[in-house]
Amino acid sequence: MRLELKLLAEVGIIGLPNAGKSTLISVISAAKPKIADYPFTTLVPSLGVVRKPTGDGTVFADIPGLIAGAHTGAGLGHEFLRHIERTRVLLHLIDVTSEDPIANYHIIEQELQAYGRGLADRRQIIALNKVDAVDDTLDVGAIAAQLQAILGQIPVFPISAVARIGLEPLLQEIWQLLSP
19 MRLELKLLAE VGIIGLPNAG KSTLISVISA AKPKIADYPF TTLVPSLGVV RKPTGDGTVF
79 ADIPGLIAGA HTGAGLGHEF LRHIERTRVL LHLIDVTSED PIANYHIIEQ ELQAYGRGLA
139 DRRQIIALNK VDAVDDTLDV GAIAAQLQAI LGQIPVFPIS AVARIGLEPL LQEIWQLLSP
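Quick note: to get my numbering, add 18 to the position in the sequence shown (first position is 1).
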């Protein structure tokens with residue numbers, strides 16, 4: 019007999035390595051995950067309780083970075099994807115300063131689809147992170163509009179976890195999605 023415990027959180031923060039998932043959970047909760055400027059800093063999920071304006075809390079999970087091929091086990095993908103199964107909402111964090119943020123979105127979506135188990139059908143919110151680090155040549159609004167055209171009803175929020183920009187509207191949307 020094998021007993022398996024899966025992580026249980028209301029919100030799973032997903033994305034590629036170095037998207038800022040650990041920074042985000044450390045800013046919005048009291049969690050203290052390891053944060054560094056290299057890929058795969060997070061090797062196990064970190065949990066943090068985020069307080070709502072009403073005073074009660076919601077558990078968020080910082081899921082370690084997913085990579086292409088995660089559904090086949092690449093980068094411990096099966097281990098990480100299994101934790102996402104026990105979340106109600108997926109907060110998909112995308113590094114807007116990366117070479118191709120739209121392609122990064124598609125990588126994670128393809129992994130959710132390939133893994134199955136209803137992950138691709140979960141309610142999602144997209145956050146374009148690191149807007150504070152964008153130079154004048156990058157139009158974050160255009161990237162958000164491109165994603166919105168692809169996603170339809172899925173909301174897209176430009177944020178900066180480290181500079182605490184855009185977090186309130188993002189959290190308000192999450193509270194709305196989680197309300198009964």
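By construction, the Cβ of each residue, glycine as well, lies at the ideal position given by its N, Cα and C atoms.
Every value quoted in this text rests on a predicted model; they were computed, and no experiment measured them.
What do you get for Asp80, buried or exposed, if any count of 16 or more other CB atoms within 10 angstroms of its CB means buried?
buried
Distance check for Ala151 and Leu42, CA to CA, integer angstroms please.
15 Å
Euclidean distance between Cα positions of Ala179 and Val158:
15 Å
DSSP puts Ile143 in a beta bridge; with which residues?
Leu109
Distance check for Asn122 and Ala48, CA to CA, integer angstroms please.
28 Å
So, under 8 Å CB-CB, Val68 and Ala27 are touching, yes? Tell me the CB distance rounded to an integer number of Å.
The pair is not a contact, with the Cβ atoms about 10 Å apart (cut-off 8 Å).
Of the residues Leu130, Met19, Arg106, which one's Cα is nearest the Cα of Pro198?
Arg106
Just list the residues that DSSP pairs Ser178 with in beta bridges.
Ile183
Beta-carbon contacts of Ile183 that lie in its chain and below 7 Å, excluding the five residues immediately before and after:
Val149, Asp150, Ile177
My output table needs one value for Val152: the three-state DSSP class, helix, strand or coil.
coil
Sort Leu111, Glu117, Gln171 by Cα distance to Leu144 and report the nearest one.
Here residue 144 turns out to be Ile, not Leu, going by the sequence shown. For Ile144, the nearest C-alpha among the options comes from Leu111.
In whole angstroms, what is the alpha-carbon distance linking Arg104 and Glu191?
20 Å
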